[in-house]
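A short write-up of the structure that comes next.
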Amino acid sequence: MIFGFLFPIVFIGLIVLGVRRLRAGPSQDGIQSASIRRFFQYSLLYGLIVVVGNGLSGLLGLWIANSDVLVSNQTELARNVSFVVVGIPMYLAIALWARRQYVADPAEAKSFGWSLYFTLATLTFLIGASLGLREVLSWASGIASYQDHQMAQFIIWGGLWGGHWWTNRRLAPPDNSRAHNILGSLYGLGFLATGLIELLSGAVARALNFGRSSLFIAQENSLVSGAVTALVGLLIWLLYWLRTTLKATRDVMWLAYVMLVGAGGGLVMAIISLSVVLYSWLVWLFGTPTSSVAPIHFNSFPVAASAAVVGGVLWWYHRTVLHEDGKTIRTEVRRVYEYLMSAIGLLASAIGVAIVLVALVDAFTESNRIAGAGSRNTLLAALTLLVVGSPIWGIYWNRIQKFVQNDPDVEHASPSRRVYLFVLFGIGGLIAAVTLLIGVFLLFDDIFKGNFGAETIRRIRVPLAMLLSTGGVAGYHWLVYRTERESYALVATRRCLVVLVGPHDSEMLRVIGEKGGVKVQAWSRSDSLNTNWTVESILQAIHENEGNDLLILSTAKGLEVIWLET
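Under the numbering used here, the sequence shown has -1 at position 11, and the numbering climbs by one with no breaks.
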């Protein structure tokens, strides 16, 4: 479900990015005309190939069925024939036009329009082919009925995916396929994780005699269904991740996928699932269960426990990938990951504290309308959040603070830290102010009406609890901000621009930007001059020309430094 919601957002984001690239391109008429031409050309190609794919798979599905079905579904037949008869000639015409552009200028394969088309088309056919393959394997395993259109969808869409995959790898540079490979890895990982959760939850439910587990278990044999889904996801993940993306350059996009999606997403899934498991057991042992029958009360246990295991494995694997080269590089993406984990743990802890306060007020002001068992369950929910959230916040926040102590200038200059502090004491302070206003209103309302008493305390218990918890969060982070405010003022001053022309090294650029305190841009040389430059030599040139925007060239004789006028 999460990945089904994610891909439309990614699709819209790619379209918006394409329009922004067109608008932000160079001002030369020729280049702008080419950009506009590519936008409409590749948009038409994508729309037409999807139409052709639907038409061909529909015709093949009708043909596989039998002649009677072919005759009875005349409307569907007419639609599919129209898609094929109109779509194929138009697609071939525009594709030949694109081929002539490529022959005239091989740089066409490096364009954003080319990359966007092949990313969208290949992923679209990958999704269609994988869903078709899953249904075909489910039928072959005996857990689903035979569907002609699913077989046709797998054959046609799989063929179109293979053709686009081969063409793009043959003609386009590897860097242009980064988004496609990462999104394919994400889709395969989601498919694989879903299948593993279904498989494990079915096994746990059978072992505990829970019967059918909800959410993922929809077929009679959930073990086979999960195995089929996991197999399809594994094939995609092996191709896109192990064979391709794992070996790619570890740039910002790669790190964002591995750290934020792989490690971060896996950890969040494990945390939420463990919270569900822990709460179920606490209520069963110390609270009031929803049912005295264990299989009914623990109905969500198989899925939650399986999701916790799968999430933990995802987190462990992607952390291992990050550290397999032995380097402990602290990038901005890593900072974002650590601050996000810290924020998640802090949020869970703050909610837990608020719930504890509410439950305590309920317990002390208990009346005939309030059951003690309900208060116990509320306290158990708060305890679950505190047990899960507090260690996470403590681990990640202490790690962050150690980096701040060891290298305060670099860490204080990090935008992630400033955003983290501003958001927490800003939003926390806003919530505290609103809840204070609500609480005071309820208090005076009862006083003026002559109803002040225990019921008044009950009425203001939620605003009071939120005020104390969010106020504490906001106050703590405000104190942290105050101690670092002078460093932020220094960071806010203008940073010089340094443009490097020579061999491209993403890690070198990051180190120069942090240690040199400058904004860095990199341009690659178009010739084949093989020169070497070091971080130390570039930093020395920056310090010798401190306060100036620089253009630093890597030449056969060494570094050439040119001042830039701003």
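Glycine included, every Cβ here is placed at the ideal spot set by N, Cα and C.
The structure displayed is predicted, hence computed values, not measured ones.
Check	Outcome
Touch test, the region 263 to 277 against the region 220 to 229, Cβ-Cβ under 8 Å, three pairs minimum	no
Burial state of residue 397 (16 or more Cβ within 10 Å)	exposed
Contact under 8 Å by Cβ, residue 241 with residue 325	no
Close Cβ partners of residue 105 (< 7 Å) along its chain, the five nearest in sequence each way excluded	30, 33, 34
Sequence-distant residues of the same chain with beta carbon closer than 6 Å to residue 177, five excluded per side	225
Collapsed DSSP secondary structure at residue 269 in the structure displayed	helix
Whole-Å CB distance - residue 142 paired with residue 109, under 8 Å assumed	Actually they are not in contact, since the Cβ atoms of residue 142 and residue 109 sit about 17 Å apart, beyond 8 Å.
Inter-residue spacing [alpha-carbon to alpha-carbon] between residue 445 and residue 438	14 Å
Complete alpha helix (DSSP H) runs within the region 426 to 493 (minimum length 4 residues, chain order)	442 to 447, 449 to 480
Proximal residues to residue 84 (C-beta, below 8 Å), its chain only, five neighbours per side dropped	none
Alpha-carbon spacing of residue 559 relative to residue 209, whole angstroms	Within the shown structure, residues of the chain are numbered from -11 to 554, placing residue 559 beyond reach of any answer.
Distance CB(residue 111)-CB(residue 171) smaller than 8 Å	yes
Outcome for residue 49 when other beta-carbon atoms lying within 10 angstroms are tallied against a minimum of 16	buried
Reduced DSSP secondary structure (H/G/I, E/B, other) of residue 509	strand
Neighbourhood of residue 469 by C-beta distance below 7 Å, restricted to the same chain and skipping five residues each side	409, 413
Exposure label - residue 524; buried when at least 16 CB within 10 Å	exposed
Separation of residue 507 from residue 488, as counted between CA atoms	11 Å
Range of the contiguous alpha helix (DSSP H) that encloses residue 189	166 to 195
Helix, strand or coil at residue 551 according to DSSP, with G and I counted as helix	strand
Cβ-based neighbour list, residue 378, same chain, cut-off 6 Å, excluding 5 preceding and 5 following	337
Any alpha helix (DSSP H) of 4 or more consecutive residues that is wholly inside the region 284 to 359	289 to 311, 320 to 352
Local Cβ density within 10 Å of residue 134, reported as buried at 16 or more and exposed below that	exposed
Closest by C-alpha distance to residue 167, when choosing among 543, 130, 245	245
Residue 280 (DSSP reduced to helix, strand or coil)	coil
Cut-off 8 Å between Cβ atoms - residues of its own chain near residue 43, not counting five sequence neighbours on either side	67, 68, 69, 70, 71, 72, 75
Residue 212, buried or exposed, once every other Cβ within 10 Å from all chains shown has been counted against 16	buried
Assigned exposure category for residue 279 - 16 Cβ within 10 Å defines buried	exposed
Presumed contact (8 Å Cβ cut-off) between residue 347 and residue 370, rounded CB distance	6 Å
Residue range of the beta strand (DSSP E) that includes residue 543	537 to 543
Exposure label - residue 156; buried when at least 16 CB within 10 Å	buried
Backbone CA spacing between residue 632 and residue 252 [nearest angstrom]	This structure cannot speak to residue 632, because the chain is shown only from -11 to 554.
Neighbour-count burial assignment, residue 163, 16 or more Cβ in a 10 Å radius	exposed
Per DSSP, cross-strand counterpart(s) of residue 555	Nothing about residue 555 can be reported from this structure: the residues present for the chain run from -11 to 554 only.
Minimum C-alpha distance to residue 261 - residue among 233, 294, 249, 284	294
Best match in 352, 289, 430, 239 for proximity to residue 557 [C-alpha to C-alpha]	In the structure as shown, the chain starts at -11 and stops at 554, and residue 557 therefore has no counterpart that could be examined.
CA-to-CA distance, residue 254 to residue 364, given in whole angstroms	31 Å
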